[in-house]
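Below: one structure, written as structure tokens.
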Amino acid sequence: MNIPAQAPALIIIIPLLSSLINILLGMWRRNLCYPFALIVLASSVLLAFNLMNTVISTGIIHYRIGGWTPPWGIEYVIDHLNAFIAVIVTTMSFIVSVYSKRSIEKELRADKIPYFYTTYLLLTTGLLGITVTGDVFNIYVFLEITSLAGYALIAIGDEKAPMASFNYVVMGTIGACFYLLGVGYLYIMTGSLNMADLQRLLPDLYGSTVILVAFAFFLIGVSIKIAFFPLHTWLPNAYTHAPSAVSALVASTMTKVGAYVMIRITFTVFEPRFSSEIIPMTSILGWSSVLAIISGSILALAQTDFKRTLSYILIAEVGYIVMGLSVGNRSGFTGSVLHILNDAFMVACLFMVAGAVVYKKGSRNLDDFRGLNKSMPFTMAAFGIAAISMIGVPPTAGFFSKWYLVLGAIEAGQWVFAGALLFSSLVNAVIFVRILEKVYFSGNGENPAPSRDEVPLSMLSPVVFMAACILVLGFYSGDIISSVIQYTVPKGF
Amino acid sequence: MEIITSIKPILAIAVSLGAAVLILLTGEKARNLRETWTIIAATAKFLIVASMLPQILDGKVIEYTLVSIAPGLSVQFRVDALGIFFGLTASFLWIITSFYSIGYVRSSNENSQTRYFMCFAVALSATMGVAFSANMFTTFLFYEIITVCTFPLVGHKETPEALKGAKRYLTYLLGTSVAFQLLAVILTYHTAGTLDFSNQGIMSAARARGVSDAFLTVIFVLYMAGITKAAMMPFHSWLPAAMVAPTPVSALLHAVAVVKTGVFVAVKIVLHIFGVDLLRQLGLGTALAYFASFTIIVASVIALKQDNLKRRLAYSTVSQLSYVILGVALLSPSGITGSIMHIVIHAFGKITLFFTAGAIYIAAHKTEINQLDGIGKKMPFTMAAFTVGALSMIGIPPIGGFISKWYIAIGSIEAHELPVILVIMTSTILNACYFLPIVYAAFFKEPKPEHDTHHSHSDQMTSPPLTSPLVKGGNGGVHEAPAMMVVPLVLTAAGAIALFFAPSTFLELAKIVVSSVTGGN
Amino acid sequence: MELIIGKYNYWIYIVLMMIGFYAMIAKRNLVKKLVGMNIFQTAIILYFVSIASKKGGATIPILFKDAVIIPEQYMNPLPHVLMLTAIVVMVSTFGVALALIIMIFRRYGTLEEDEILEIERNRK
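Protein chains in written order, with my numbering: chain A, 4 to 496; chain B, 888 to 1408; chain C, 177 to 300.
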């Protein structure tokens, strides 16, 4: 079989089938599940890079499921943006899965581990499905596969996890239903579900109220899924009480893929013209993102639980991404897409650090970070790098996306947006410096030099790898933009 | 102007980064080996920088592009006269400071010495990065790295007091650079489309395209507010707060590397982002000059009231840094020359003063000025060096400080800003008022009874008993700091004097800078 | 009046949806929330099925193999297909939510949100 030609389908089929095989495998030999999941995810990473490569060299890939021609059949369309997101999703899934073994062993009963990996693979399947499909209803299905897997994974966390997960189910279902209603409204007006087809049919109907309502439903639905302020309330609890490995995975991928859906809806299905001129969507989104950034940062400042702090920071980061989209120019959009990448790495790294601390100290409380540099020097060095990147200090990756975002805001003449971005950088600085100070500058003399007590290598190496990526990615921002991101910018920017 | 592509600027930066890694790997167990890395890196760095000097003196420029991020946005290095001027100063003083540091941290048995030397090495790498950067983007990048990697040095002692100082340090430097400088850089990129330093300034083209004067003024103000490392008022208070750092840190970083990076970047912005002509047309040069004058006078007055020696030196630094800004803000050839010369001359003078402050702390455990009565008899070399440094600050020939003040004074006449001369004279008198009493007390007053000093400063006695060798001289009570510390401070004092008699290389570099920015080529 | 009676199916869908939405947001009992969620989802199914319907002699071609095929009179099958998928999704969601409710009940011994919050507060 010609693997590259089938790659768009294989990238979904492999993790989907493997998740089922994994259950059987778990019944037979429980300890094979981990290596099996690793192999599957590694092959997904390779496929994603292969797709990326094909897109860069030969252009957009159209893959017709079952040979049906669009708009009747489901079509998978992979352009630069899809491939980019697919690479991020697979990479994160793979790295976090490497990390997950010891962390999950500590936090979960041994007989549940096969189910963990099954759900994990399903989650990845859903995320990749959203990424590669070119069909708006198909997105709904994969969105729900992702969410269902997410609900289950979050629920296996600590004491309060089931309740957090239940609230997430309620909110997530509302979001999904709104999205589905949006699909329905578009369908009555156009009779099509294919994105490319919709893009062709919609401009004639831009004046219609129904289209407007559809668009509003889409946006609200997706906003709930990505925890966009003020629809974020489910996120902090869910991500705080989930198992560490799950937090790292969902935080780094789910909001990013949600942001991808938002980009697709606002800039592919609808034209940028619709989103900015016909209705004042961009300014509504822009100002909400200002609120998201400011309130996320301030709420993060007020937390004492490390994972909760990160969750609120994540809400602010979602605000960054949406703001970049809302300003409606090339720099802002570039910044957003670049930030999807950088933020995935930073957030994954930070949540994995949180998991490492939980693994060793059994606590997420910021006070327990005191003097950790002595016992966990490598983890804390990685934490330092990720923190600096969050603040946006060059040459770490976080600086470069922030650069483009601020530039985009200025080009659009939105001074308040630029101000909010810089404000949030400052608040991040306060948050992380406070923690770093605890890590590096306290406990001197109190407890005489605790011996080195690092997390196992399978947990440490992903953390360190992420930190190294954060350092290196910044320098490749130029290449990433010129070879991928510049092609994702919608026409008219 | 001939451009040479060479990897040397990168080497100059990388050598101390490499050293930082080696220092970390070597660790506490092999202290001598660890310190060897510092010395080797310092020497190698100086040699690399010095090897570029002849080409620069020939009027050539060395360039190297490391990575290009977008059009007009790249990590690029360009060694020109101004850059090598700063690079030479910092790298040379690093060698001396390295020896002094080793003497200091070992005598006072500091904690976390590996972190100390590592951060020091990274800070110097970043300083070279600023010195050799070819555009504002690269400058900002290294500017921030300096801030981050010197933070552990300021809070090094890990006492609550040190942490408070370090926090203020970081708040001021990081806060303003993110809030103001980054914004200014992005605005520059937005208006000018490029960030490359140019001799004519990149903003004049933007003005020709119709960017309003008010907008340019705002950007300029943002820059000046964002470069807090230059310690201009009202953003100066991090510098006295940072005096909680170990003395070698105060000496090299807060007299040379960090603060000079601040004024260096300010000079770069005046000369290469806005350009002399544009600033003159906008009238911003004069405004900046008077702003700097204000800082000069007020900081000197505050310095008068300080009893802690390092704090007095810190306020003196605040005041002296503004000389550099003042000089360049005059926008006249002599003013710019004086300004650039002041970077190196003040560096030698102030590092000497800080070295002596550290030596006094190590040898006699004294930190306050009122304890220094008669100390000159115990520590003759140290206090002689202190005198040289103080005279250099005041600007009395035959010591370097005179030269830069002279040029700045001439510059103010060229710029028809006569009140500036008054500022310089007032400041000179104030300088004399806060330095000469120390010299007088040290050499001519009788020491106070011993118990008094112990009583008032027992909190500084946290470090274990000192192991400094007791040098028995003919006069009886000579009690100097270890030779590892005294020799460096004598050397820098000698350097300050040498700069008066043989400033030729530096003056020549300054002339190249002046001729290039005032339409020479 | 025409608007209300002629399109009564859409009005029912809206009313059902609002009832479901209200229950999800305002009810403090978790099972009631879940029932609300189900009503909400069912409303959407009703909506989709409505848009496919045709009045007056609409045919489902697959049922009448021998009849003359008139494309204008087809019932649109696509929304039904979509809803089959959506029902699967909704049932799974319902299943997951019920499983969560069982977990919550085992942990707290109640399904009233107020009481659960009270227990959490006392635990601190």
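We treat Cβ as the ideally placed atom computed from N, Cα and C, and that holds for glycine.
Computed from a predicted structure; not experimentally measured.
- The DSSP-derived three-state label of B/ALA957 is strand.
- As the crow flies, the alpha-carbon of A/LEU49 is around 18 angstroms from that of A/CYS472.
- DSSP lists A/ILE64 as the bridge partner or partners of A/ILE81.
- Residues of the region 86-118 of chain A whose Cβ lies closer than 7 angstroms to any Cβ of chain B: none.
- Legend: CB atoms of the region 1013-1031 of chain B lying less than 7 angstroms from CB atoms of chain A belong to residues PHE1027, LEU1028 and GLU1031.
- Contact of B/HIS1077 with chain A is assigned, a C-beta pair being separated by under 8 angstroms.
- For A/ILE473, the enclosing alpha helix (DSSP H) begins and ends at 460-483.
- In this structure, the CA atom of A/LEU131 is about 6 angstroms from the CA atom of A/ILE15.
- Each of B/ILE1290, B/GLY990, B/LYS895 and B/THR892 was checked against the Cα of B/ILE926, and the nearest Cα belongs to B/GLY990.
- Chain-ordered, the chain C residues with CB closer than 7 angstroms to the CB of A/ILE191 read ILE227.
- The Cβ atoms of B/GLU1301 and B/SER1226 do not sit closer than 8 angstroms to each other.
- The three-state secondary structure of B/ILE1297, taken from DSSP, is helix.
- At least one C-beta of chain A is nearer than 8 angstroms to the C-beta of B/PRO1039.
- Remark: three or more beta-carbon pairs, one from each stretch, lie closer than 8 angstroms, so the region 86-96 of chain A and the region 124-141 of chain A are flagged as touching.
- Against chain A, the CB of C/ARG283 has a partner CB under 8 angstroms away; the residue lies at that interface.
- Burial is judged here by how many other beta carbons sit within 10 angstroms of a residue's own beta carbon; A/ASN368 has fewer than 16 and is exposed.
- In the DSSP annotation of this structure, A/THR399 is not part of any alpha helix (DSSP H), being labelled neither H nor E.
- The beta carbon of A/ILE297 sits closer than 6 angstroms to the beta carbons of ALA423 from its chain, once the five residues preceding and following it are set aside; these are given in chain order.
- The beta carbon of A/THR285 sits no closer than 8 angstroms to any beta carbon of chain C.
- Counting every other CB atom within 10 Å of its CB across the protein chains shown gives A/THR61 a total below 16, marking it as exposed.
- The three-state reading of DSSP puts A/TYR209 in coil, since its state is none of H, G, I, E or B.
- Rounded to whole angstroms, the separation of the alpha carbons of B/ILE1230 and B/PHE979 is 14 angstroms.
- For A/ASP371, the secondary structure class from DSSP, reduced to helix, strand or coil, is helix.
- Among the CB atoms of chain B, none fall inside 8 angstroms of the CB of A/SER378.
- If you draw a straight line from the Cα of A/VAL487 to the Cα of A/LEU84, it comes to about 8 angstroms.
- Of all residues in the region 932-962 of chain B, only VAL954, SER955, ILE956 and ALA957 come within less than 7 angstroms of chain A when Cβ atoms are compared, listed by chain position.
- Only those residues of the region 1073-1101 of chain B whose C-beta falls short of 8 angstroms from the nearest C-beta of chain A are listed: ILE1073, LEU1074, TYR1076 and HIS1077.
- When beta bridges are read from the DSSP output, B/GLN963 appears opposite B/THR952.
- For A/SER47, same chain residues with a beta-carbon under 8 angstroms away, outside a window of 5 residues either side, are ILE14, ILE17, PRO18, THR93, SER96, PHE97, THR127 and LEU131 in chain order.
- For B/ILE890, the enclosing beta strand (DSSP E) begins and ends at 890-892.
- Counting only Cβ-Cβ distances below 8 angstroms, A/LYS163 has contacts in chain C at GLU296, in chain order.
- Per DSSP, reduced to three states, the secondary structure at A/SER195 is coil, with no helix or strand assignment.
- The alpha-carbon of B/GLY1288 is positioned some 37 angstroms away from that of B/ILE1073.
- Interface flag for A/ALA155 against chain C is set, since a Cβ pair is found closer than 8 angstroms.
- Considering only B/ALA1272, B/ILE894 and B/GLY1042, the residue with the shortest C-alpha distance to B/SER938 is B/ILE894.
- Going by beta carbons, B/THR1078 and B/ALA1101 fall outside the 8 angstroms limit.
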